[in-house]
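Residue numbers (this note's numbering): 3 to 125.
Here it is as structure tokens:
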């Protein structure tokens, strides 16, 4: 039946259009998240722990179609926890929020390095 075929094509086109819009939103979210990570990297001082702190894995665009999938996952768990609120809603991030997260990351790593926990020199 021609009308059924046309309805199927229309539904398929509508699904593609929705998917295309979603992918554009995801690309914007990824770009915002990348900008936030770059800005936090610029805020953090040059220290031996900086590259470790910012080491992360970016989620593939297609996987971000799944609700609540994080845009990025930092390899250091407490950095991941600090960054999660920023990555969850990157469009609402302010300089003040980024500065707060950067200071939290710096404070945690400075303490770890000051106490010698990173290299077990405390033993």
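Think of the CB as a built atom: it goes at the ideal place given N, C-alpha and C, for glycine as much as any other residue.
Given the structure is predicted, the values throughout are model-derived calculations rather than measurements.
Open item on the list: Measuring CB atoms only, is the segment 43 to 53 touching the segment 105 to 112, in the sense that at least three cross pairs come out at less than 8 Å?
Closed with: Flag = yes, the segment 43 to 53 and the segment 105 to 112 touch.
TODO: Alpha carbon to alpha carbon, how far is residue 95 from residue 42? Give it in angstroms, no decimals.
DONE: Their backbone Cα atoms lie some 12 Å apart in a straight line.
- [ ] Using 10 angstroms around the beta-carbon of residue 116, count the other beta-carbons present and answer buried if the total reaches 16, otherwise exposed.
- [x] So residue 116 counts as exposed.
- [ ] With distances taken Cα to Cα, identify the nearest neighbour of residue 40 among 85, 111, 22 and 25.
- [x] Closest option to residue 40, Cα to Cα, is 85.
Open item on the list: On the criterion of 16 or more Cβ atoms from any shown chain inside 10 Å, does residue 119 qualify as buried, or is it exposed?
Closed with: Residue 119 is exposed by the Cβ-count criterion.
Task: According to DSSP, residues forming a beta bridge with residue 59 - done: Its beta-bridge partners are 75.
Open item on the list: Could you check whether the Cβ of residue 117 sits closer than 8 Å to any Cβ belonging to chain C?
Closed with: Judged by its chain identifiers, the structure shown contains no chain C, having just a single protein chain.
TODO: Quick one: using the 10 Å Cβ neighbour count with 16 as the cut-off for buried, is residue 30 buried or exposed?
DONE: Of the other Cβ atoms in all chains shown, fewer than 16 fall within 10 Å of the Cβ of residue 30; this residue is therefore exposed.
- [ ] Could you spell out the range, first to last residue, of the alpha helix (DSSP H) harbouring residue 110?
- [x] Counting along the chain, the alpha helix (DSSP H) containing residue 110 begins and ends at 97 to 116.
TODO: For residue 46, name the three-state secondary structure that DSSP assigns.
DONE: Three-state result, residue 46: coil.
- [ ] Would you kindly work out how many angstroms separate the C-alpha atoms of residue 82 and residue 36, rounded to a whole number?
- [x] Rounded to the nearest angstrom, the two C-alpha atoms are 14 Å apart.
Open item on the list: Just verifying my parser: in three-state terms, what is the DSSP assignment at residue 92?
Closed with: It is helical.
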